[in-house]
Amino acid sequence: DQNKRQAWQAARMGLVESIGCRSDHCVWAYIMQEWKFGDIKQRDLCRQLGMSFERMCSSMFERKHLCEALVMVGLLPNRFLWNEWFDQDKMPDWALVRAAVVGGLYPNIMRVERSTPRFQSSNQADKGKWMRYSILQRHYTRQEGMSYPKSLNLHPNSLCFGQDLYHYPWLAFYTIQHTTKLYAYDVSEVSPFALMLFGEQPVFNDHTKEVEIGGWARFICPDGSRLLPLVLAARTAIQKALERKLGDVRHDLGSSKALQVCAQLLKSNGLGYRMPSPLPPRRNKKIRSEDALDEWEDETRYLERKDREHEEKNKNVWAAAKRQVETSQAW
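Position one of the sequence shown corresponds to residue 6 (our numbering), numbered consecutively onward.
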């Protein structure tokens, strides 16, 4: 149903505006937060956004397993999942979340360019026709000088599809796959400091006045020679903090002033100031519906219960169909 698809896409694009961040990954994180703590019921949220209720339940269980694993290795507090319920009105800083995602996805970076459109249109599909995407294709000999740009397409399911105005012409993607075309999936707009702090060591090209990262991503910066020593010092501080954390899992990273400075760089994109954060949402404590997911329920028991419910539903359907056939034969 084309109308349903358009309604789902419009609802998802509304989430992009809500978080103020062009990122598939941040939107999905926001959806999971609304799934757990939002005012709308879980099944209604799935209907509104065109998602599978069962897959959302599976993703929440996987998230729980991931959190438990991070707690075990000391990267999250022991009561992280429990404390979430008390901090549910706090919204994460999406600029910081996006920076962490971009750093984690490096070197999956693609360039985006806007060609001259033949006609003006507000339709996303039309806008997507004039966008050009490319990645750096490595040569099989692994020689950097033999690498070359390769064109690809952004999958239409991405919330960045049809976007024609970016702050920076670079996107981080999760994976690429060739179906009818070569598509990139799950993308986030790149911020320069995310790549400079978490990607390969940046270098300054004095001829082009650009900061280059990995021989591919480039950012115009006439004063790059003055900026680069500060960036390298920040990278060193991050590495030292992580090494100390690996040596002592009880070390509190929040106490590091160097990491606080790096966080401000990522939040403000190096400007030192930014727009104020949105006010925390006022949530109404919704009453849990009967079929809502209980995250604290044992996963095996949950799956067994769902199997029984599905089997019972099928029995009722077959019984109703049998009665209808018997009734028609009696007439």
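Backbone N, C-alpha and C define an ideal beta-carbon position, used for all residues, glycine too. No experiment lies behind these values; they were computed from the predicted model shown.
Any chain D beta carbon closer than 9 angstroms to SER196: The structure shown contains no chain D; it is built from a single protein chain.
When you measure from the CB of PRO97 to every non-hydrogen atom of the ligand GTP, does any distance come out below 8 angstroms? For the ligand GTP, the structure offers nothing, since it holds no ligand at all.
Discussion item. Here's the rule: buried if 16 or more other CB atoms are within 10 angstroms of the residue's CB, otherwise exposed. What is VAL322?
Written reply: exposed
*asked:* Can you tell me whether PRO154 is helix, strand or coil according to DSSP?
replied: strand
- Query: What number of angstroms, rounded off, separates the C-alpha of ILE243 from the C-alpha of ALA130?
  - Reply: 41 angstroms
Worksheet item: What residue ranges within the segment 89-122 form continuous beta strand (DSSP E) runs of no fewer than 3 residues, ordered along the chain?
Response: 114-119
Item to check | Start-to-end residues for the beta strand (DSSP E) that takes in ASN3 | outcome: A question about residue 3 goes unanswered here, because the residues of the chain that appear run from 6 up to 336.
Checklist entry - When we look at the beta-carbon of ILE36 and count the other beta-carbons within 10 Å, is it buried (16 or more) or exposed? => result buried
Take GLU59 as the anchor and find which of ALA199, ARG137, ARG84 and ARG310 has the nearest alpha-carbon. ARG310
| query | When DSSP labels each residue in this structure, what does ALA324 get in the three-state scheme? | reply | helix
Review point. When the Cα of GLN53 is compared with those of GLN11, HIS160 and SER260, which residue comes out closest?
Key: GLN11
* Asked: Based on the DSSP output, what are the partners of TRP221 in its beta bridges?
  -> None; TRP221 has no bridge partner.
| Going by the beta-carbon positions, is the gap between GLU363 and PHE66 smaller than 9 angstroms? | This structure leaves residue 363 out entirely; the chain is present only between 6 and 336.
| request: State yes or no: is the C-beta of ARG119 within less than 9 angstroms of the C-beta of TRP135? | output: yes
Subject >> DSSP beta-bridge partners of GLN334 >> reply: Its beta-bridge partners do not exist; DSSP assigns none.
Chain-order list of residues whose beta-carbon lies under 8 angstroms from that of ILE24 (same chain, five-residue window excluded) = CYS31, VAL32, TYR35 and TRP99
VAL236: which of PHE203, SER260, GLY219 and HIS212 sits nearest, CA to CA?
PHE203
**Prompt:** Span of the alpha helix (DSSP H) holding SER64?
**Reply:** 58-77
### Query
Are at least three pairs of beta-carbons, each pair with one atom in the segment 142-153 and one in the segment 188-196, less than 8 angstroms apart?
no
| query | According to the Cβ coordinates, are TRP175 and VAL195 closer than 9 angstroms? | reply | yes
query = In chain order, what residues of the same chain have a beta carbon less than 6 angstroms from the beta carbon of PRO197, not counting five sequence neighbours either side?
reply = PHE224
_Extent of the continuous beta strand (DSSP E) to which GLN142 belongs_ = 136-142
| Collapsed DSSP secondary structure at TYR188 in the structure displayed | strand
Taking the C-alpha atoms as reference points, what is the distance between ARG68 and TYR307? 16 angstroms
Check: Based on Cα-Cα distance, which residue from LYS132, MET56, TRP40 and ARG48 lies nearest to GLN14?
Finding: MET56
Check your understanding: Taking just the CA atoms, how far does THR241 sit from VAL208?
Key -> 15 angstroms
Note to self: For LYS132 and GLY109, what's the separation of their Cα atoms in angstroms?
What the structure shows: 29 angstroms
Would LEU164 and VAL76 be called neighbours here (beta carbons separated by less than 9 angstroms)? no
**Prompt:** What's the call for ARG147, buried or exposed, on a 16-neighbour Cβ count within 10 Å?
**Reply:** exposed
Would you give the residue range spanned by the alpha helix (DSSP H) that ILE243 belongs to?
229-252
Task: Proximity to PRO161 [Cα-Cα], best of LEU170, MET151 and THR185 - done: THR185
Beta-carbon spacing of LEU258, VAL107 below 9 angstroms: no
- Message: Do LEU271 and ALA74 have their beta-carbon atoms positioned less than 9 angstroms apart in this structure?
- Response: no
Return the first residue and the last residue of the alpha helix (DSSP H) that ALA263 is part of.
262-273
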